[in-house]
Amino acid sequence: MASIHRAIPSPRCARTSTCSAAAGGGRSSATGGVDQRPDPQLAFTKGTKLMSIASPPRALTTVGVVTHPRRNCDEVFTAIVGWVRARGARLIALPEEAPAGVSHADQVPGEGFASTADLVIAAGGDGTILRALALAAPAGVPVLGVNLGRLGFLAEVDPPELGRALEAIGVGEYRVEERLALECTLHTHEGPMTVHAFNDLVVWRTPGFGQAALAVSVGGELFARHAADGIIVATPTGSTAYTLSVGGPIVSPVVDAILVTPLAPHGLFNRTLTIAATELLEIEVLGESAPVVVERDGARERELTPGATIAVRRSDAPGLLVRLGWTSFYGRARRKLQLADPIELGHAGDVKDDPRPRA
Numbered sequence: 028m029a030s031i032h033r034a035i036p037s038p039r040c041a042r043t044s045t046c047s048a049a050a051g052g053g054r055s056s057a058t059g060g061v062d063q064r065p066d067p068q069l070a071f072t073k074g075t076k077l078m079s080i081a082s083p084p085r086a087l088t089t090v091g092v093v094t095h096p097r098r099n100c101d102e103v104f105t106a107i108v109g110w111v112r113a114r115g116a117r118l119i120a121l122p123e124e125a126p127a128g129v130s131h132a133d134q135v136p137g138e139g140f141a142s143t144a145d146l147v148i149a150a151g152g153d154g155t156i157l158r159a160l161a162l163a164a165p166a167g168v169p170v171l172g173v174n175l176g177r178l179g180f181l182a183e184v185d186p187p188e189l190g191r192a193l194e195a196i197g198v199g200e201y202r203v204e205e206r207l208a209l210e211c212t213l214h215t216h217e218g219p220m221t222v223h224a225f226n227d228l229v230v231w232r233t234p235g236f237g238q239a240a241l242a243v244s245v246g247g248e249l250f251a252r253h254a255a256d257g258i259i260v261a262t263p264t265g266s267t268a269y270t271l272s273v274g275g276p277i278v279s280p281v282v283d284a285i286l287v288t289p290l291a292p293h294g295l296f297n298r299t300l301t302i303a304a305t306e307l308l309e310i311e312v313l314g315e316s317a318p319v320v321v322e323r324d325g326a327r328e329r330e331l332t333p334g335a336t337i338a339v340r341r342s343d344a345p346g347l348l349v350r351l352g353w354t355s356f357y358g359r360a361r362r363k364l365q366l367a368d369p370i371e372l373g374h375a376g377d378v379k380d381d382p383r384p385r386a
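In this note's numbering, the protein residues as written are 28 to 386.
The following block contains the structure:
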C-alpha cells in the first residue's frame, strides 16, 4: 500500500482545505490536496475534507497524550512509550495527568501543550477526545482517539490496535479529517465570553424555574421563538450525540452545517433547523424566560438571564482527527449505534461490521 503523507497545516489552511502540495506530483484531489492512493478499500468518500500532502511526513518529534483520569491506560501507555522511544521522540503530558501513569513524560501546561506537540493521542471516551480537540485545534495539531469509553464514536482505534496504528502513522499511512467547530460568544451583563464547541452547545432551563423562552435568528432575521426546555446547537460531529437522542438527524461530518434543535418545545414545531456553516446564528433569552444554563460539549459554562444573547458561527480552528482508512463514518455509526436489520431480511446482504485489521 502506498503511503499517504501529510504536513500539518495552519488552522486557517485546515479550514479552507487549500494547502498546496509539495513537490513530488500526484493527482490533485477535490479538497485541494494530493491523493496518490485511490484505493477502493479505503473508507473515504470522494469530496471528503481530508488533507493529504505528497511531501514526506512531518517528523513526529513530540507526541502529547491526554487521558481519562479514571480509566486503566496501562496498555495504551505501553504502546505509546515503546513507539516514542523507538523513534527517539519526546512524550509530553498535562501536569494534572502525570500521576495517572505518564510520569516518564515531560509535563507541559495546557496553554503550551498543543503548540509543542506534532500529534496528540487521546485515550478515553468521547469526552476525553473532545477535550484533546479543544487543546489541539488552535494549534492545528491532529488527534488520534483511542477508545477506553463506552461508545467512543470519535475514536479511531481500540487499545489492542494502537501499536499497529502508530506504525502506520510513523510511515505516513494516515489521513487527517477536518471536523467543524463552533465559535460561541455569550453576551451578558458580565461582559462577553467566547467558547468553542466540537459537539454541541446546549442552552437549557434551570430546573424549578419554569420554561426557557428563546428566540432563534439566522443572519439577523427572526426564525422562531420557543417556549421549551432549551435548544441544542450541534455540529455534524455532534449530530450523533445529544441531538440524536431528541430525534435529530445523523449528519455526515463532511457536511458544512449547523443543527438547531428545540428541546421539548411547547408547540407543534419540534424539528431540527439546519443552516449553512457560513451563516450567523443568534439565540436571545427573552424576558419571559426562566434563567438558563449554557453547556459546551457537556461542560457547564455560565448561567444566562433574560436579555442575554449567544452568537454562534463557524470557528476558524476546526478539529483534526487522524484517520487510518480502516473504517468509515457510516461503518462506525452502524457499529456504535448498533443498527440492526429488520428480521424479515434475515442475514442476506450482511456487511462486515468491523473491517479494521486485527493482529
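Backbone N, C-alpha and C fix where the C-beta goes; we use that ideal spot for every residue, glycine too.
Note that this is a predicted model, so its numbers are computed, not measured.
How would you call Asp368, buried or exposed, if buried means at least 16 neighbouring beta carbons within 10 angstroms?
-> exposed
Residue span of the alpha helix (DSSP H) that contains Trp110, given as start and end = 101-114
C-alpha distance - Leu249 paired with Ala242, whole-angstrom precision = 7 Å
Anyone know if the C-beta pair for Ala268 and Asn226 falls short of 8 Å?
-> One thing to note: Ala268 has its Cβ within 8 Å of the Cβ of Asn226.
Given Ala4, which residues of its chain have a CB within under 6 Å of its CB, disregarding the five upstream and five downstream residues?
-> Outside the modelled stretch of the chain, which goes from 28 to 386, sits residue 4, for which no answer is possible.
Please look up how many angstroms separate the CB atoms of Val222 and Arg340, rounded, as I've assumed it's under 8 Å.
-> Not confirmed; about 12 Å, so no contact.
Between the beta-carbon of Pro292 and the beta-carbon of Ala326, is there less than 8 Å?
-> For the 8 Å CB-CB criterion, Pro292 and Ala326 do not form a contact.
Thinking C-beta only, is Ser342 closer than 8 Å to Glu210?
-> yes
Would you mind giving the Cβ-Cβ distance between Ala338 and Glu309, rounded to the nearest angstrom? I have them listed as a contact below 8 Å.
-> Indeed they touch by this definition, with Cβ atoms about 5 Å apart.
Quick one: any contact between the segment 104-118 and the segment 174-182, if contact means 3 or more CB pairs under 8 Å?
-> The count of Cβ pairs closer than 8 Å, one atom from the segment 104-118 and one from the segment 174-182, stays below three, leaving the stretches out of contact.
Whose C-beta lies closer than 7 Å to the C-beta of Ser279 among residues of the same chain, with five residues either side of it excluded?
-> Pro263, Phe356
For Gly294, does the count of other Cβ atoms within 10 angstroms reach 16, so buried, or fall short, so exposed?
-> exposed
Thr221 - partner residues in DSSP beta bridges = In the DSSP output, where bridge partners are listed per residue, Thr221 has Thr212.
Have a look at the DSSP bridge pairing and note the partners of Asp133.
-> Ile119
Assign Glu306 to one of three DSSP states: helix, strand, or coil.
-> coil
Val230 beta carbon less than 8 Å from that of Ala239 | yes
In terms of residues, what are the limits of the alpha helix (DSSP H) holding Leu160?
-> Run containing Leu160: 153-163, per the alpha helix (DSSP H) assignment.
Do the CB positions of Ala141 and Ala208 come within less than 8 Å of each other?
-> no
Close Cβ partners of Gly151 (< 7 Å) along its chain, the five nearest in sequence each way excluded | Thr94, His95, Arg98, Leu175, Gly176
So what's Ser244 in DSSP terms, helix, strand or just coil?
-> Assignment of Ser244 by DSSP, reduced to helix, strand and coil, places it in the strand class.
According to the Cβ coordinates, are Arg350 and Arg202 closer than 8 Å?
-> Their beta carbons are under 8 Å apart, which means Arg350 touches Arg202 by this criterion.
Do Gly274 and Leu286 have their CB atoms nearer than 8 Å?
-> no
Beta-carbon contacts of Ser316 that lie in its chain and below 7 Å, excluding the five residues immediately before and after = Ala239, Ala240, Leu241, Pro333, listed in sequence order.
Where does Glu183 land, buried or exposed, given buried means 16+ other C-beta within 10 angstroms?
-> Classification for Glu183: buried.
Would you kindly work out how many angstroms separate the C-alpha atoms of Gly237 and Val320, rounded to a whole number?
-> 13 Å
Go to Glu328, then tell me how far its beta strand (DSSP E) extends in each direction, as first and last residue.
-> If you look at Glu328, you'll find it in the beta strand (DSSP E) that goes 326-331.
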